[in-house]
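**Q** So that we are looking at the same thing, I have put the structure below in structure tokens.
Numbering (my numbering), first residue to last: 61 to 459.
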């Protein structure tokens, strides 16, 4: 029988995935305690799980959340993990599916591990769920899977509130009769290709400065050397993928700490990251001759960075301030201040941090009339929102 085995702890490790789908989330709910508010919003975003689910899962076909079905692969990971950091509120939806193959009818105990809201369907019927998402700790729900002889479609509909660091994770662990169960993909037409790709990626190993393959790399295999930088502008420069089809190894240049190996055929695309942990070495600052010398050294390190890399955004006020103090202003610094104002207006996570830098800039340096007017406009909006909140919740915490 084609397919994969459960992992050594009984987890299903092979799925097809649609998503995550990420959409801006707005709410009128207001609670002065931020953690309490997030708990309420996590319950608020959940939609009722239907008693049945009729899903047709094919590679590239659109799922219910609007995303297209793809093959999921993550070497050595027993969880589907698409965790992320969200600077503004988002609604996250994720659909996952796998097939459990058994030689005879059987009912087996399983456990859903997740931080998300999950509805689990076996052959179209809702058999288990986790009602509401949580920040932490991870939760478990026991479920009984009524498996019929042959192929059984397991489908999971997942939701979460994206707020700051969010764990979009779900895992399915089979608790009994593991030796009788094999795992397949819902789309049988791509099973052989997916098995071949996962076998190739699983056999990769690092040795010295090289990544070694167990066989020649399949046609269409590429390698990427990711750019690691604290500078947001530099992080946006995408490196090029290098074609390594047919090769048995790849030498990793010493300036890179990791590589990503991607193999693909049509719309099937799987990849694995290989990290060279020994290349992560501490970098020591020079011993300061004086307090002022150390202060200047720190400012110089800030000044050479355009703006701090925050993933989706760049926080540039500390870098602008350092350059201004050192007389190293750039023509782009005014644009960075305007971007700071935009992020404050969006109320992105940690907007109050960059607001402090903006106030320091206003206190110490001059702004042109247009920039000053724009800054006052944004600050007044920010202040008014705090005043309104304080009036609504006189004893509450200002967020």
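All residues carry an ideal CB built from backbone N, CA and C; glycine is no exception.
1) So what does DSSP say about residue 216, is it helix, strand or coil?
2) By Cβ distance, which residues of its chain are closer than 8 angstroms to residue 167, with the 5 residues on each side in sequence left out?
3) Just the C-alpha distance for residue 70 and residue 304, rounded to the nearest angstrom, thanks.
4) Go through its chain and collect everything with a Cβ distance to residue 329's Cβ below 7 angstroms, but skip five positions before and after it.
5) Am I right that residue 365 and residue 291 are in contact with their C-beta atoms under 8 angstroms? What's the rounded C-beta distance?
6) Near residue 122, what residues of its chain come up, given a Cβ to Cβ distance below 7 angstroms and the 5 sequence neighbours on each side ignored?
7) Give me the DSSP bridge partner(s) of residue 325.
8) By Cβ distance below 7 angstroms, which residues in the same chain neighbour residue 394 in space, the five residues on each side in sequence not counted?
9) Residue 254 and residue 159: beta carbons closer than 8 angstroms?
10) Compute the Euclidean distance between the alpha carbons of residue 85 and residue 151, then round it to the nearest angstrom.
11) Quick check: residue 362 and residue 376, are their CB atoms within less than 8 angstroms of each other?
12) Could you give the uninterrupted runs of the beta strand (DSSP E) lying entirely in the segment 130 to 196, keeping only those of 3 residues or more?
13) Distance check for residue 317 and residue 258, CA to CA, integer angstroms please.
14) DSSP on residue 236, reduced to helix/strand/coil?
15) My output table needs one value for residue 291: the three-state DSSP class, helix, strand or coil.
16) Run through DSSP, which three-state label would residue 444 get?
17) Does the segment 239 to 255 touch the segment 181 to 196, meaning 3 or more C-beta pairs lie closer than 8 angstroms?
18) My guess is that residue 80 and residue 154 are in contact by the Cβ rule of under 8 angstroms, so how many angstroms apart are they, rounded?
19) Going by C-alpha distance, which of 217, 165 and 368 is nearest residue 126?
20) Restricting to Cα atoms, I'd like to know which of 280, 289 and 348 is closest to residue 369.
21) If you draw a straight line from the C-alpha of residue 392 to the C-alpha of residue 373, how long is it?
22) Could you pull out every unbroken alpha helix (DSSP H) segment of at least 4 residues lying fully inside the segment 379 to 422, listed in chain order?
23) Please name the residue or residues paired with residue 99 in a DSSP beta bridge.
24) Is it a yes or a no for the segment 273 to 282 touching the segment 346 to 355, going by three-plus beta-carbon pairs under 8 angstroms?
25) Determine the contact status of residue 404 and residue 415, defining contact as a CB-CB distance below 8 angstroms.
**A** On the basis of the supplied data:
1) strand
2) 204, 205, 206 and 207
3) 35 angstroms
4) 322
5) 5 angstroms
6) 128
7) 328
8) 431
9) no
10) 6 angstroms
11) no
12) 130 to 132, 144 to 162, 166 to 174, 177 to 182 and 185 to 190
13) 23 angstroms
14) coil
15) strand
16) helix
17) no
18) 5 angstroms
19) 217
20) 289
21) 16 angstroms
22) 393 to 406
23) The partner list for residue 99 (beta bridge, DSSP) is empty, contrary to what the question assumes.
24) no
25) yes
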